[in-house]
Every structure is written in C-alpha cells, then in structure tokens.
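Under the working numbering, the first residue of the sequence shown carries the number 2, and numbering increases by one thereafter.
Heads up, the beta-carbon is just placed ideally off N, CA and C, and yes, glycines get one too.
Shown next, in structure tokens, is the structure this report addresses.
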Amino acid sequence: MSTVAITAADINKLRQTTGAGMMDCRKALTETNGDFEAAIDWL
C-alpha cells in the first residue's frame, strides 16, 4: 500500500483535466501512487 497522500486539490485538478467523477479520480490517483499522468491514462 502506498503512503502517498492524495489531496483534495490533486483530485480536483484531475477532475478538471479529465471530467471524471471525484471517486474515479481518487481511485486513479491511489492506484497510480499519485502519478498525475499515469492517473489520466488509468482513467
């Protein structure tokens, strides 16, 4: 399990970039250990 902290600002930035839902964005960031570019690909 990752110890990377996912902040609300990170989730909001990903939501604005992708238009995905908040929970989807949080899951994407969690699954990619906070890697923004990888989270976009994951979505």
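Problem set entry | Host alpha helix (DSSP H) of LEU15 (start-end) | Start and end: 9-19.
Problem set entry | 7 Å Cβ shell around ARG27 - same chain, five flanking residues per side excluded | For ARG27, where only same-chain residues beyond five positions count, the Cβ hits under 7 Å are ILE7 and ILE12.
Exercise. Is DSSP giving LEU30 helix, strand or coil here?
Worked result: Annotated three-state conformation of LEU30 is helix, per DSSP.
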